[in-house]
Amino acid sequence: MGHIEERLTHLGLTLPPEVQPPPGVVLPFVFVNVQGDRVVVSGHGPQSADGPLAPQFGQVGRDVSLDEAVESAHLAALSMLGSLQRELGTLDRITSWVRVFGMVNSAPDFDQQPTVINGFSDLILDVFGPEVGRHARSAVGMASLPFGIPVEVEAEVSIRVINRGPQS
Amino acid sequence: MGHIEERLTHLGLTLPPEVQPPPGVVLPFVFVNVQGDRVVVSGHGPQSADGPLAPQFGQVGRDVSLDEAVESAHLAALSMLGSLQRELGTLDRITSWVRVFGMVNSAPDFDQQPTVINGFSDLILDVFGPEVGRHARSAVGMASLPFGIPVEVEAEVSIRVINRGPQS
Amino acid sequence: MGHIEERLTHLGLTLPPEVQPPPGVVLPFVFVNVQGDRVVVSGHGPQSADGPLAPQFGQVGRDVSLDEAVESAHLAALSMLGSLQRELGTLDRITSWVRVFGMVNSAPDFDQQPTVINGFSDLILDVFGPEVGRHARSAVGMASLPFGIPVEVEAEVSIRVINRGPQS
Chain S
1 MGHIEERLTH
11 LGLTLPPEVQ
21 PPPGVVLPFV
31 FVNVQGDRVV
41 VSGHGPQSAD
51 GPLAPQFGQV
61 GRDVSLDEAV
71 ESAHLAALSM
81 LGSLQRELGT
91 LDRITSWVRV
101 FGMVNSAPDF
111 DQQPTVINGF
121 SDLILDVFGP
131 EVGRHARSAV
141 GMASLPFGIP
151 VEVEAEVSIR
161 VINRGPQS
Chain P
1001 MGHIEERLTH
1011 LGLTLPPEVQ
1021 PPPGVVLPFV
1031 FVNVQGDRVV
1041 VSGHGPQSAD
1051 GPLAPQFGQV
1061 GRDVSLDEAV
1071 ESAHLAALSM
1081 LGSLQRELGT
1091 LDRITSWVRV
1101 FGMVNSAPDF
1111 DQQPTVINGF
1121 SDLILDVFGP
1131 EVGRHARSAV
1141 GMASLPFGIP
1151 VEVEAEVSIR
1161 VINRGPQS
Chain D
2001 MGHIEERLTH
2011 LGLTLPPEVQ
2021 PPPGVVLPFV
2031 FVNVQGDRVV
2041 VSGHGPQSAD
2051 GPLAPQFGQV
2061 GRDVSLDEAV
2071 ESAHLAALSM
2081 LGSLQRELGT
2091 LDRITSWVRV
2101 FGMVNSAPDF
2111 DQQPTVINGF
2121 SDLILDVFGP
2131 EVGRHARSAV
2141 GMASLPFGIP
2151 VEVEAEVSIR
2161 VINRGPQS
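Here the protein sequences come in this chain order: S, P and D. Under this note's numbering, the first residue of the first sequence carries the number 1, and numbering increases by one thereafter. Under this note's numbering, the first residue of the second sequence carries the number 1001, and numbering increases by one thereafter. Under this note's numbering, the first residue of the third sequence carries the number 2001, and numbering increases by one thereafter.
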C-alpha cells in the first residue's frame, strides 16, 4: 500500500469503484489519459461509495444548498482519486497536481463557486500535502451538467514515469 | 493522401474550408497552436460544408433538438479536422487525441450533454481508431455560446514532430 | 526592467498588486503554477489598479454592457500579467502564449463572447507582439462566475527555463 493510500485510510476516506453511468448512457472516452508524465483527467462528478452517482442533483443555489455542494465537490475528488488509482496502480506516482477546473451547476445568481470547489481542493491538499497538492484552479458556474450533477471537476496531474525496460 | 484522409473519403466525409466568421467579427487568435509535439486546438463550432457556421442556432433543449445537437457536434468535429489538416499538412501526424472539452449551449434543465458530445467522440474514434482516438473528455452545459452556436468543442492532440534538419 | 515591462510602460499600462479576495473567502490554490517550461494560469478576473476586484459585477447583456465587458477582459489581462510577473520575475521569460480560455458571465441570449474576450487577446498581442502573443482560444458563456465578476480568463503560457546550476 502506498503512502497516499495509507494517508487516505488514516483520514477515514474510501475510494469508490468505477462510476456506473445511468442506464442507456454510453461514455466513449477514458477517465484518465496518461501522456508520458502528464495525466489528463476527464470531468468527474460526485459518486456514492458503491459506484453510482451520488443522489444529490440539480442547480446549486436553487435545488442544492451550499453545504451539499461542498460535499459534492468532496465526493468528486474521491471519485477522481479512485480513477487515478485504478489507472496508475498507486497514487504515490503523482508528483504534482497541475490544474483543477471546477464546474458548479449554478443558479443564475449563485456566485460562491470558490467555496464549493474548496471541497475538492481542501481534500487534495489534505491528502497530498501543500507541495504535491499545489494547483492552479478556476471555479466557475455552468448552466447545467450531465444527469443534473451539481459539481464536475476536470484536472491535470504530473506523474513519475515507470521505466519498463528495453522490451516495452 | 494520408491514411486518415483515405479513411475520411471511405466514410464519405468531407472537411470544410476555413471558417468564415459573421460579418464584422474579428477573431484575433489561431485555431490550431502547435507547441512541439503538443497541439492546442481552439473551440470549434459546427460549420456548413462550404465554410460559414451551420444554420442551426440556439439552446439545446429549447431551440435545438437532441438529434440536431448530436449532428452539430459531428459537424464541429469535421470543422476541427479541417483546421488540423490545414495546419499539419496531413492528419496522419496525429499520434493521439489527448483532451476533448465539449460545450453544449444548454437550456437550464437540459442534462444530456454526454449524448450530444458523443457526436464528436464517435467520429474521432471512427476515423482514428480506438488507440489514437482515445481521449479524456468533459461534456458540460454553457449558458450561451458565440453567435448562438449550439455546440463548441476545444481539444488537445499530440503529433509526430517533423525533423526539419539543422538549418531550421 | 525587461523589454515587456518597458512596453507596458510605453503603453501607459500598470499591473495591479496581488488580488485581495472578498472578506472571509479562502482561495487555497496558486494563481500561477510553473511546471518546467509550461505555466498553467488560474482563472483571473478584472482587478482595480489598487488590488480589489473591479467594481463592475453581473451578467453581460443584462447588468453589464458590451463595452464594459470588453474593459473587464482588458483588466483581467492586466491582473494575469501581474500574477505572471510576480511568479516569473520578468514577463520577458514568456516565450509563447499557448491557450486562452475566456469565460463571460452571460445573460442567456448574449452571444458576443468573442468581442468581449478580444479585450484580453488584443492586449496580449499588443504587449507581446504577433509571434509570442499568438494563442489558441475559446470564448464562451457561463451561467455565473465567482463574486459576480463579468469575465474570467484561464490560460497557459510557455517560458524560458532558468538553469539554476547543479546545486538546485
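Note that beta-carbon positions come from the ideal geometry of N, C-alpha and C, so glycine has one too.
Put residue i into one of helix, strand or coil per three-state DSSP.
| i | result |
| --- | --- |
| residue 2159(D) | strand |
| residue 2019(D) | coil |
| residue 44(S) | strand |
| residue 1035(P) | strand |
| residue 1091(P) | helix |
| residue 54(S) | coil |
| residue 1014(P) | coil |
| residue 150(S) | coil |
Closest to residue i by C-alpha separation, out of the options, would be which residue?
| i | options | result |
| --- | --- | --- |
| residue 2130(D) | 1033(P), 1066(P), 1087(P) | 1033(P) |
| residue 2157(D) | 2146(D), 2141(D), 2163(D), 2124(D) | 2124(D) |
| residue 1140(P) | 1063(P), 1133(P), 1150(P), 1015(P) | 1150(P) |
| residue 2155(D) | 2006(D), 2107(D), 2014(D), 2073(D) | 2073(D) |
| residue 2144(D) | 2106(D), 2122(D), 2020(D), 2035(D) | 2106(D) |
| residue 1100(P) | 21(S), 2(S), 43(S) | 43(S) |
| residue 2088(D) | 2012(D), 2162(D), 2003(D), 2011(D) | 2162(D) |
| residue 2086(D) | 2160(D), 2006(D), 2016(D), 2028(D) | 2016(D) |
| residue 2146(D) | 2080(D), 2103(D), 2051(D) | 2103(D) |
| residue 1040(P) | 1031(P), 1047(P), 1048(P) | 1031(P) |
| residue 117(S) | 13(S), 71(S), 134(S) | 71(S) |
| residue 50(S) | 82(S), 61(S), 134(S) | 82(S) |
| residue 94(S) | 134(S), 79(S), 25(S), 112(S) | 134(S) |
| residue 1037(P) | 1076(P), 1112(P), 1097(P), 1080(P) | 1097(P) |
| residue 1013(P) | 1077(P), 1020(P), 1035(P), 1110(P) | 1077(P) |
| residue 1122(P) | 27(S), 92(S), 59(S) | 27(S) |
List the endpoints of the continuous beta strand (DSSP E) containing residue i.
| i | result |
| --- | --- |
| residue 141(S) | 136-142 |
| residue 101(S) | 94-105 |
Tell me where the alpha helix (DSSP H) around residue i begins and ends.
| i | result |
| --- | --- |
| residue 2132(D) | 2113-2132 |
| residue 1072(P) | 1066-1088 |
| residue 9(S) | 3-10 |
According to DSSP, residue i sits in a beta bridge with which residue or residues?
| i | result |
| --- | --- |
| residue 1026(P) | Answer by DSSP bridge pairing: none, since residue 1026(P) is not bridged. |
Check: Can you list, in chain order, the residues of the stretch 33-55 of chain S whose Cβ is nearer than 7 Å to any Cβ on chain P?
Finding: Under the 7 Å Cβ criterion, the stretch 33-55 of chain S contributes 33, 35, 40, 41, 42, 43.
Item checked: Short-range partners of chain D found in the stretch 137-152 of chain S, where Cβ spacing is below 7 Å -> 137, 138, 139, 140, 141, 142, 143
Checklist line | Contact set between the stretch 2013-2027 of chain D and chain S, restricted to residues whose Cβ is under 7 Å from the partner | finding: 2025, 2026, 2027
Next item on the list: Output, in sequence order along the chain, the residues in the stretch 1077-1096 of chain P whose CB is closer than 9 Å to any CB in chain S.
Entry: Answer set for the stretch 1077-1096 of chain P: 1096.
Notebook entry, point to check: What residues from the stretch 1059-1075 of chain P come within 7 Å of chain S, judged by C-beta to C-beta, listed N to C?
Noted result: none
Notebook entry, point to check: Got a sec: which bits of the stretch 1097-1110 of chain P sit with their beta carbon under 7 Å from any beta carbon on chain D, in order along the chain?
Noted result: 1103
Next item on the list: Select from the stretch 110-138 of chain S all residues with a C-beta closer than 9 Å to any C-beta belonging to chain P, and list them in chain order.
Entry: Under the 9 Å Cβ criterion, the stretch 110-138 of chain S contributes no residue.
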